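**Q**
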Amino acid sequence: MTSFPTIASAARDIAAKRISPVELMKDHLARSEKLNPALHAFIRFTPEIALEQAKAAEARQAAGALRGPLDGIPIAHKDIYETAGVTTTGHSRVLEHHVPKADSAVVRRWREAGAVMLGKLATHEFAWGGPSFDLPWPPARNPWNTECFTGGSSSGTGAAVAAGMILGGTGSDTGGSIRGPASLCGIAGIKPSYGLCSRTGVLPLSQSLDTTGPMAWTVEDCALLLDAMTGHDPADPSSANRPRPDLLSSLNGGVKGLRIGVIRHFHEDDCKVSPGMAAGIAHLTSTLAAQGAEIREVKLPPLADFNAAGWLILAADAYAVHEKWMREKYRAYGEFLRE
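Numbering of the sequence shown is given in this note's numbering, commencing with residue 2 and proceeding in unit increments.
In structure tokens:
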């Protein structure tokens, strides 16, 4: 793989009319279609929608009426985000023919910001557990080494961003499903605070834990994507009814004066990491301190306590969501969830 444009750089080029949104879309769609047989990042492509949206962005570009930094940017959505008129399966045979009538709130917000949807992305089935090999769509592969795992459950988004198929995409995080693939695929991702982004129109796993969030090459790109995701949604009971945060003004402000907690016993005792990982964490904290951040060691109960509580909540919530389907369509689930 080589270097790819970021959302921020592509947005500048679109604003300066150095690149065409239609050509940018066509380049990324062609790359995606070429790489997907090996990576399985996409479940389905939406070329007609992409062309229509890219042409609209190009018309706004010509008129000097761009909607913002996402206008004309090629993106895709994890296949738990409902998309009007486009099959949304949750990467499961259970919903193989489910065609929503409306976009999820986040899909709508990105569309209104001008983002160009190339298609729907692979996930672990219903964003839970691990990959299943007996489903209609194979698990996504890590573009750095197709013999390696992408992490999950936002596997397709991690693979697609890392391979330069898209500039950014949606993920969801219930217990690491944005952070894991971002780490394993070498990109950036953020699990927003609970309630910051709407979950309306997203196939649920755990109402107590689910969050929606962005994945992209850089922290700046994630901020641009997240800025277009936030805002109170009365249709989502978990949505925080408060003013939208300013995510962009302090991007280049540095870390001086920030207080950063380090839960050292998590990685030194509770779940001991490799020497290389430990050295990386130490280097990170010393670098942040050298730039003016205040590093504070934080002590919490053992990591295993949080893990046990989290899995108990997740299992109860997921059973509430899937009980009816499990009784009626048990064999339609993939091997991982059946077991």
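Note that beta-carbon positions come from the ideal geometry of N, C-alpha and C, so glycine has one too. Remember, predicted model here, so these are calculated numbers, not experimental data.
Measure the alpha-carbon distance for D28 versus A123 and round it to whole angstroms.
**A** Indexing the sequence shown from 1 puts residue 28 at position 27. Indexing the sequence shown from 1 puts residue 123 at position 122. Answer to the nearest angstrom: the Cα atoms are 21 Å apart.
**Q** Tell me which residues share the same chain as D237 and place their Cβ nearer than 8 Å to its Cβ, disregarding the 5 neighbours each side in the sequence.
**A** Along the sequence shown, one-based indexing puts residue 237 at 236. Taken in chain order, the residues that qualify are A106, S199, R200, T201.
**Q** With distances taken between CB atoms, is the gap from L397 to T231 smaller than 8 Å?
**A** Because residue 397 is not part of the residues shown, which for the chain are 2 to 340, the question remains open.
**Q** Measuring alpha carbon to alpha carbon, tell me which of A17, W218, L249 ends up nearest L67.
**A** Position 66 of the sequence shown holds residue 67. Out of A17, W218, L249, A17 has the C-alpha closest to the C-alpha of L67.
**Q** Is there contact here, the region 180-188 with the region 51-71, by at least three beta-carbon pairs under 8 Å?
**A** Result no; under three Cβ-Cβ pairs closer than 8 Å.
**Q** Between which two residues does the beta strand (DSSP E) containing P341 stretch?
**A** Nothing can be reported for residue 341: it is not among the residues displayed for the chain, which extend from 2 to 340.
**Q** Would you give the residue range spanned by the beta strand (DSSP E) that A230 belongs to?
**A** Taking the sequence shown and counting its residues from 1, the one referred to as residue 230 is at position 229. The amino acid at residue 230 is misidentified as Ala; the sequence shows Met. Segment: none, M230 is in no beta strand (DSSP E) and carries neither H nor E.
**Q** For K27, which of helix, strand or coil comes out of DSSP?
**A** Position 26 of the sequence shown holds residue 27. Three-state result, K27: helix.
**Q** Here's a check: name, in chain order, each residue in its chain whose Cβ is nearer than 7 Å to the Cβ of A51, leaving out the five neighbours to either side.
**A** Taking the first residue of the sequence shown as 1, we reach residue 51 at position 50. So the list reads M26, L30, V117, M118, L119, once near-sequence residues are dropped.
**Q** Roughly how many angstroms lie between the CA atoms of E148 and L40, to the nearest whole one?
**A** Within the sequence shown, the letter at position 147 stands for residue 148. Within the sequence shown, the letter at position 39 stands for residue 40. Spanning the two alpha carbons is a distance of roughly 10 Å.
**Q** Measuring straight from C-alpha to C-alpha, what distance separates A316 and M216?
**A** Here the question's residue 316 lines up with position 315 in the sequence shown. Here the question's residue 216 lines up with position 215 in the sequence shown. A316 and M216: Cα-Cα distance of roughly 26 Å.
**Q** To which residues does DSSP link G190 through a beta bridge?
**A** Taking the first residue of the sequence shown as position 1, residue 190 is located at position 189. Answer by DSSP bridge pairing, in chain order: M216.
**Q** Taking the CB atoms as reference points, tell me whether L168 and P303 lie closer together than 8 Å.
**A** To locate residue 168, count along the sequence shown from 1; it is residue 167. To locate residue 303, count along the sequence shown from 1; it is residue 302. Not in contact: L168 and P303 (Cβ atoms no closer than 8 Å).
**Q** To the nearest whole angstrom, what separates the beta carbons of P137 and E97, a pair I think is in contact under 8 Å?
**A** What you label residue 137 is simply residue 136 of the sequence shown in a count that begins at 1. What you label residue 97 is simply residue 96 of the sequence shown in a count that begins at 1. The pair is a contact, with the Cβ atoms about 7 Å apart (cut-off 8 Å).
**Q** Leaving out five residues before and five after A58 in sequence, what residues of the same chain have Cβ atoms less than 7 Å from its Cβ?
**A** Locating residue 58 in the sequence shown gives position 57, counting from the first residue. The residues are P22, D72, G73, G115, V117.
**Q** Nearest to A160 by alpha carbon, out of Y331, E34, A42?
**A** If you number the sequence shown from 1, residue 160 lands on position 159. Checked all of Y331, E34, A42; the closest Cα to A160 is A42.
**Q** Quick check: what's the CA-CA separation for G165 versus R32?
**A** Here residue 165 refers to the residue found at position 164 of the sequence shown. Here residue 32 refers to the residue found at position 31 of the sequence shown. Spanning the two alpha carbons is a distance of roughly 8 Å.
**Q** Check the DSSP bridge columns for E49 and list the partner residues they point to.
**A** The residue you call residue 49 lines up with position 48 of the sequence shown. Per DSSP, none; premise fails for E49.
**Q** If contacts are defined as beta-carbon pairs under 8 Å, then E83 and P101 qualify, I think. What distance do you get, rounded to the angstrom?
**A** In the sequence shown, counting from the first residue as 1, residue 83 sits at position 82. In the sequence shown, counting from the first residue as 1, residue 101 sits at position 100. Right, their Cβ atoms sit about 4 Å apart.
**Q** Count the other CB atoms, across all protein chains shown, that sit within 10 Å of the CB of H323; report buried if there are 16 or more and exposed otherwise.
**A** Residue mapping note: residue 323 aligns to position 322 of the sequence shown, counting from 1. Classification of H323: buried, given that the 10 Å Cβ count is 16 or more.
**Q** So which of V256, Y320, K273 has the shortest CA-CA distance to S287?
**A** For the purposes of this step, residue 287 is taken as the residue at position 286 of the sequence shown. Looking at the Cα atoms, V256 is the closest of the given residues.
**Q** Could you give the uninterrupted runs of the alpha helix (DSSP H) lying entirely in the region 135-208, keeping only those of 4 residues or more?
**A** Correct list: 156-163, 180-186.
**Q** Check E298 in the structure and name its three-state DSSP category.
**A** Against the sequence shown, residue 298 aligns to sequence position 297. E298 falls in the strand class under three-state DSSP.
**Q** The alpha helix (DSSP H) that contains V256, what's its start and end?
**A** For the purposes of this step, residue 256 is taken as the residue at position 255 of the sequence shown. Taken as a continuous stretch (DSSP letters only), V256 belongs to no alpha helix (DSSP H), as it is neither H nor E.
**Q** Cβ atoms of D271 and A224: under 8 Å apart, would you say?
**A** In the sequence shown, counting from the first residue as 1, residue 224 sits at position 223. In the sequence shown, counting from the first residue as 1, residue 271 sits at position 270. Result no, Cβ atoms of A224 and D271 do not sit closer than 8 Å.
**Q** So T212 packs on K192, CB below 8 Å; how close in whole Å?
**A** On the sequence shown, residue 212 is found 211 positions in, with the first residue counted as 1. On the sequence shown, residue 192 is found 191 positions in, with the first residue counted as 1. That belief holds up - the Cβ atoms of T212 and K192 are roughly 6 Å apart, short of 8 Å.
**Q** May I ask which residues mark the beginning and end of the beta strand (DSSP E) holding L122?
**A** In the sequence shown, residue 122 corresponds to position 121, counting from 1. 117-122 is the span of the beta strand (DSSP E), which, as asked, contains L122.
**Q** So A77 is in the beta strand (DSSP E); what residue range does that whole segment cover?
**A** The count along the sequence shown starts at 1 and reaches residue 77 at position 76. Element bounds for A77: 75-79.
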